[in-house]
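Numbering (the UniProt record's numbering), first residue to last: 1 to 186.
Note that beta-carbon positions come from the ideal geometry of N, C-alpha and C, so glycine has one too.
Following: one structure in structure tokens, then a few remarks.
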């Protein structure tokens, strides 16, 4: 884990008031068409051609106005998204930093409690702090269980592998590939 950090001095807020009435909250975005390759060129072409030739080509003026509004809105959203994504990143990293610091504080407090109880030879000091004393060891206990489980699985795999090797010798060759394997390339 890296303990290197710096205090974030970038933007701390986003003013979305210019987008009021334009932002939408959707349950599902399926079926919406994304931008495709060549969009920039199409935008430039339409921005030049629609004001001059749009009406004579049969393009309704409200379609042109809506196209312009959509372009402006997407540009504004994109500008805010850059800042918003950075803010989300900073918030997640800051939360992780302070959660880690808080857990270190709990460990320090638990160590202090144990030390005081040991030095004073008074285990009753620990009674009001039962959960606090157990909390820091949860990760270590989980790691022990995981290592034990992995060791058992490795031992079982070795036993299974040895049994398979014995079967191959009896059968006079390699065991057939499992059904989930991809066929060998020619």
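Taking residue i as part of the alpha helix (DSSP H), name the residues at either end of that continuous run.
{"i": "residue 6", "result": "That residue, residue 6, is in no alpha helix (DSSP H); it is neither H nor E in DSSP."}
{"i": "residue 191", "result": "Since the first and last residues shown for the chain are 1 and 186, residue 191 lies out of range."}
Thinking residue i and residue j are a contact (beta carbons under 8 Å), I'd like their distance in whole angstroms, please.
{"i": "residue 5", "j": "residue 129", "result": "Not confirmed; about 30 Å, so no contact."}
{"i": "residue 71", "j": "residue 48", "result": "Not a contact, Cβ separation roughly 13 Å."}
{"i": "residue 86", "j": "residue 10", "result": "6 Å"}
Next on the checklist: If we require 4 or more residues per run, which alpha helix (DSSP H) segments fall completely within the segment 10-53?
Outcome noted: With a minimum length of 4 residues, the continuous alpha helix (DSSP H) runs that stay inside the segment 10-53 are 39-53.
Checklist entry - Do the segment 70-81 and the segment 14-25 touch if we need at least three Cβ pairs shorter than 8 Å? => result As far as the Cβ criterion goes, the segment 70-81 touches the segment 14-25, which means the pair count is three or higher.
Checklist entry - Is the segment 114-134 touching the segment 83-93, taking contact as three or more C-beta pairs under 8 Å? => result A contact is defined here as three or more CB-CB pairs under 8 Å, and the segment 114-134 fails this definition with respect to the segment 83-93.
Checklist entry - Hey, which unbroken runs of the beta strand (DSSP E) at 3 residues or more fall wholly within the segment 66-107? => result none
Item to check | Cβ contact (3+ pairs, closer than 8 Å) linking the segment 128-145 and the segment 101-110 | outcome: In short, these stretches touch, since the Cβ pair count reaches three.
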